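Structure first, commentary second.
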Amino acid sequence: MITRQRLFAVAVTAVSIFTGLLLSDSAIAAPGASGYHVVKTIPIGGNGRWDYCVVDSATRRLYVSHGTHVVVLDVDSDKIVGDIPNTLGVHGIALAKDMDRGFISAGKANTVVIFDLKSLKPIGTVKTGGINPDAIYYDAATKRVFAFNGRSGTATAIDGVNGKVVGMIPVGGKPEFAAGAGDGHVFVNIEDKSQLLDIDAHKLSVLHRWPLAGCEEPSGLAFDEHSRRLFSVCGNKRMMVVDADTGRVVATPAIGEDPDAAGFDPGTHLVFSSNGESGTLTVIHEDTPDKYTVVEDVPTKKYARTLAIDLQTHNLFLPIAQFGTVIPKGEDEPPMKPGTFGVLLVGK
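In my numbering, the protein residues as written are 1 to 348.
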């Protein structure tokens, strides 16, 4: 005989399973403490992995790296409005809006591709002289682009105006993400040494080399220009908040597992970490320059490890795909299912 309690338990279980399937398939969840939740998935399709993405809030464009090309989306209509080809092994995109140019690091080609921001047409290719250019950053004060070569431990400085290489900077390890205020200082994480560097963009030299004690494999990096605080995300589920003038670590809030990007929204004073293994987005509030409160971990999707912020709407975009369940020997992830690439829109 089935009791009323038993029926209730079965009903609860069924609802739980259905909810889990719904979240898995459509990636839509109810808002939490921060108000952020996955609003929708924007399909892109095609094959190939991804790395960084960036939003140009003024032109309403989202640039998404995708294997051998960069997909450009209109963030208001979700439509693909452009495609920048021949960026083999693409990692990052830097926007030089004062010159109407963009720069893309093509890791497998060891080049930087220059394109026109208005037409989205490629206008030049620069050989970096390094191996696997990954993170890329544009410094407005010097009009120089810095491509950080992950496998040769160097940074290539390129004149953004004429596209010529102007110098090579040894960084003493594997550089990861870079950030700055466009004022002649370029900050970059050194992943294999747990360090944070301050580079002089004028002199092409390392000004400071700060240790990130307690941070394993720092990757993503973001910057609050007003409070002069840097946010490095670490592989051991910590974020290092660093004084950009002294290198002092002022806070270490907890984040999720396997982060690869960080973001800061000056309009809300929120700091974000996209955590690929956890399948979460950690939301942290900057209470003061030295005090930080973890608001919540918003459920996203496994392997959604990079992000970009639209500073106009405060929405976030996280590239995603569906994956198999078996991880091949020697790989970190299972194979990606063809045609499943897309972008999560996380908003309020």
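For glycine and all other residues, C-beta sits at the position ideal for the given N, C-alpha and C. Because the structure is a prediction, the values reported are computed rather than measured.
If we ignore side chains and look at the alpha-carbon of each, how far apart do residue 214 and residue 156 end up?
Walking along the sequence shown from the start, residue 214 turns up at place 214. Walking along the sequence shown from the start, residue 156 turns up at place 156. So the alpha carbons of these two residues sit roughly 29 Å apart.
Judging by CA-CA distance, which residue of 173, 57, 127 is the nearest neighbour of residue 107?
One-based indexing of the sequence shown puts residue 107 at position 107. For residue 107, the nearest C-alpha among the options comes from 127.
In the DSSP assignment, the beta strand (DSSP E) including residue 234 goes from what residue to what residue?
As a position in the sequence shown, residue 234 is number 234, starting the count at 1. Start and end: 229-234.
Residues in the same chain with beta-carbon distance under 7 Å from residue 140, minus the five sequence neighbours each way, listed in chain order, please.
Taking the sequence shown and counting its residues from 1, one reaches residue 140 at position 140. Same-chain partners within the cutoff: 98, 182.
At the level of alpha carbons, what is the spacing between residue 200 and residue 324?
Taking the first residue of the sequence shown as 1, we reach residue 200 at position 200. Taking the first residue of the sequence shown as 1, we reach residue 324 at position 324. So the alpha carbons of these two residues sit roughly 44 Å apart.
Cβ atoms of residue 190 and residue 170: under 9 Å apart, would you say?
Sequence index remark: in the sequence shown, residue 170 carries index 170 (1-based). Sequence index remark: in the sequence shown, residue 190 carries index 190 (1-based). Between residue 170 and residue 190, the C-beta gap is not smaller than 9 Å, which leaves the two residues out of contact.
At 3 residues or longer, and completely inside the stretch 89-133: list those beta strand (DSSP E) runs for me, N to C.
You should have 90-96, 101-106, 111-116, 122-127.
Can you look up residue 191 in the DSSP assignment and give me helix, strand or coil?
Counted from its first residue, the sequence shown places residue 191 at position 191. Helix.
Taking 6 Å as the limit between beta carbons, can you name the residues of its chain near residue 326, skipping five residues before and five after?
The residue labelled residue 326 in the question sits at position 326 within the sequence shown. Here the set comprises 334.
What is the DSSP secondary structure of residue 338, reduced to helix, strand or coil?
Translated into positions along the sequence shown, residue 338 becomes position 338. Three-state DSSP puts residue 338 in coil, outside helix and strand.
At a cut of 8 Å, does the stretch 285-294 reach the stretch 41-48 through at least three beta carbon pairs?
Flag = no, the stretch 285-294 and the stretch 41-48 do not touch.
Considering only the beta carbon of each residue, do residue 346 and residue 64 sit closer than 9 Å?
On the sequence shown, position 346 is the one that residue 346 refers to. On the sequence shown, position 64 is the one that residue 64 refers to. Going by C-beta atoms, residue 346 is not nearer than 9 Å to residue 64.
Whether residue 221 touches residue 188 by CB criterion (9 Å)
Counting from one through the sequence shown, the residue named residue 221 turns up at place 221. Counting from one through the sequence shown, the residue named residue 188 turns up at place 188. Yes. Within cutoff.
Could you check what DSSP says for residue 300 in three-state terms: helix, strand or coil?
Sequence index remark: in the sequence shown, residue 300 carries index 300 (1-based). Reduced to three states, the DSSP call for residue 300 is coil.
Helix, strand or coil: how does DSSP classify residue 59 here?
Taking the sequence shown and counting its residues from 1, the one referred to as residue 59 is at position 59. Coil at residue 59, not helix or strand.
Just to confirm, is the Cβ distance from residue 84 to residue 52 under 9 Å?
Start at 1 with the first residue of the sequence shown, and residue 84 comes out as number 84. Start at 1 with the first residue of the sequence shown, and residue 52 comes out as number 52. No, the Cβ-Cβ distance between residue 84 and residue 52 is not below 9 Å.
Checking 9 Å against the spacing of the C-beta atoms, do residue 308 and residue 256 come in under that value?
Walking along the sequence shown from the start, residue 308 turns up at place 308. Walking along the sequence shown from the start, residue 256 turns up at place 256. Contact: no.
Residue 195, buried or exposed, once every other Cβ within 10 Å from all chains shown has been counted against 16
Your numbering for residue 195 matches position 195 in the sequence shown. Label assigned to residue 195: buried.
Coil, strand or helix - residue 373 by DSSP
In this structure the chain extends from 1 to 348, so residue 373 is not present and cannot be described.
Tell me whether residue 292 sits in a helix, a strand or coil according to DSSP, three-state version.
The residue given as residue 292 occupies position 292 in the sequence shown. The answer is strand: DSSP assigns residue 292 an E or B state.
Cross-strand partners of residue 280 (DSSP beta bridge)
If you number the sequence shown from 1, residue 280 lands on position 280. Bridge partners of residue 280 according to DSSP: 275, 299.
Classify residue 41 as helix, strand or coil using the three-state DSSP reduction.
Taking the first residue of the sequence shown as position 1, residue 41 is located at position 41. Note: residue 41 maps to strand in three-state DSSP.
Measuring only the C-alpha atoms, how far is residue 328 from residue 109?
Here residue 328 is taken as the residue at index 328 of the sequence shown, counted from 1. Here residue 109 is taken as the residue at index 109 of the sequence shown, counted from 1. Each residue's alpha carbon lies about 26 Å from the other.
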